[in-house]
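K.L.:
One structure is given below, represented as structure tokens, and several questions about it will come after.
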Amino acid sequence: MDTKITVVKADQTVFEGDSGGYYAWSNSATPLLTHFKLGAGKLLLHPLGFALPHYADSSKIGLVLQGTITVGMVAPNSSEEQVLLIKKGDAVPVLAGWVSWWFNGGDTDASIVFLGETTKALVPGQFTYFFVCGVLGLLAGFQPDFVAKTFGLDQKESENLANSQQGALLVKLDDDAPTKFPKTSDHHTKGKLYATIDDPTGEIVVKGGGFISFLTEKKLGLIGGVGLSAKFVKLEGGAVLAPSFVADGSIQICYVGMGSGRVKKNMKNVAAEMAANNFTDSDVDEILVIKQLQQQHQQALQQKLQQQRRHEEEMRNMKEGIQKQMEDTRREFGRFD
């Protein structure tokens, strides 16, 4: 299936307040997300903005676009909390089921874009979040006495646990909040839980042209659990990213962070489509580009696999024929013994 490239802004405001906002690309505006089971969202945190502890039904990769963010993460079936301090250009995988919170302790806005796959999501094309606390929290719908019996608490403790936080997705904390947060984990978390992908010394560097940096499982082991790979491309003015394709029909979901340019897809009768896929500085920071790489290369791979299967079947038949001849020869010799 040949698919057009779409360039779309985040059109859905999930939450917005003095603490920041969360924005998403909806299925209605970007139906390709649903079709390819991809998801995208953007988190904006104003100074002292705090994203309440939550987990999601999908794995994703977060790329810090601006500012610094303190992140707390707890893996399923683990009681150990890892606290990270990530900055612009860092990428952090967040696996499905991992509980995390996000805090901007700096003096300027911080933002991060999340791109991921939604194969097992509640709603394909969307990240669904489940909050541990707040008015949307898991315990908010239960009576205090039930919470008390379940966790062995008294009435006051259970009411405090279930109802003390009246925020929803994001809240703004007090001025002294940065001093109360847990200290970041040791330096071994970099390369284990997050990595810098905006790296001018990346795998491909062209003087005056830009650079490409890849995020692989070798560089960041946790990326293997997301089911995605990632790369960061920076093009200088007038530079062109060389045309490329893959043989397995993979999908690329791209976020344009700055600048202006043009995206082209090589297929028949696409002059109008090419002209429609320009993006300018005014569109930066909220553009999503999705494209399916050419299916003809996938078909070529399938044909090659079919040829290999036919060859294997011919070799198998030949082997069975030789074995049958050998058995017939043994039986003939047996008659003369």
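Just so you know, the working numbering puts the end of the sequence shown at 338, numbered straight through with nothing missing. Beta carbons: idealized from backbone N, C-alpha and C, even for Gly.
1) Please give the ranges of any alpha helix (DSSP H) in the region 10-44, keeping only runs that are unbroken, at least 4 residues long and fully inside the region.
2) So G42 packs on T109, CB below 8 Å; how close in whole Å?
3) Rounded to whole angstroms, what is the Cα-Cα separation between A122 and T129?
4) Given this structure, state the Cα-to-Cα distance separating I254 from G192, to the nearest angstrom.
5) Just to confirm before moving on: does the CB-CB distance between V95 and G63 stay below 9 Å?
6) How close, in whole Å, do the beta carbons of T340 and Q83 come, if the pair is a contact with beta carbons under 8 Å?
7) Quick test of your reading: S60 and G126, contact by CB under 8 Å. State the CB separation rounded to the nearest angstrom.
8) Between the C-alpha atoms of A11 and L39, what's the straight-line distance to the nearest angstrom?
9) Using the beta-carbon count (16 or more within 10 Å), is N105 buried or exposed?
10) DSSP state of Q326, grouped into three classes?
11) In whole angstroms, what separates the C-alpha of L170 from that of G73?
12) To the nearest angstrom, report how far apart L162 and T151 are at their CA atoms.
13) Verify whether the separation of the beta carbon atoms of K173 and H47 is less than 9 Å.
14) Is the Cβ-Cβ distance between L44 and F115 less than 9 Å?
15) With H, G and I counted as helix, E and B as strand and the rest as coil, what does DSSP make of V148?
16) Assuming F131 and Y56 form a contact by the criterion Cβ under 8 Å, report the distance between their Cβ atoms to the nearest whole angstrom.
17) Measuring straight from C-alpha to C-alpha, what distance separates A273 and G228?
18) For the beta strand (DSSP E) holding A92, just list the boundary residues, first then last.
19) Determine the direct distance from the alpha carbon of F233 to that of V206, and round the result to whole angstroms.
20) Using beta-carbon positions only, say whether G211 and Q166 come within less than 9 Å of one another.
P.N.:
Taking the coordinates as given:
1) 32-37
2) At roughly 21 Å, the Cβ-Cβ gap does not stay under 8 Å, so G42 and T109 are not in contact.
3) 7 Å
4) 23 Å
5) yes
6) Nothing about residue 340 can be reported from this structure: the residues present for the chain run from 2 to 338 only.
7) Incorrect: roughly 14 Å between the Cβ atoms, too far for contact.
8) 14 Å
9) buried
10) helix
11) 16 Å
12) 12 Å
13) yes
14) yes
15) helix
16) 6 Å
17) At A273, the pLDDT of 36 sits below 50, so the modelled position is not reliable and the matter cannot be decided from this model.
18) D91 to V95
19) 12 Å
20) no
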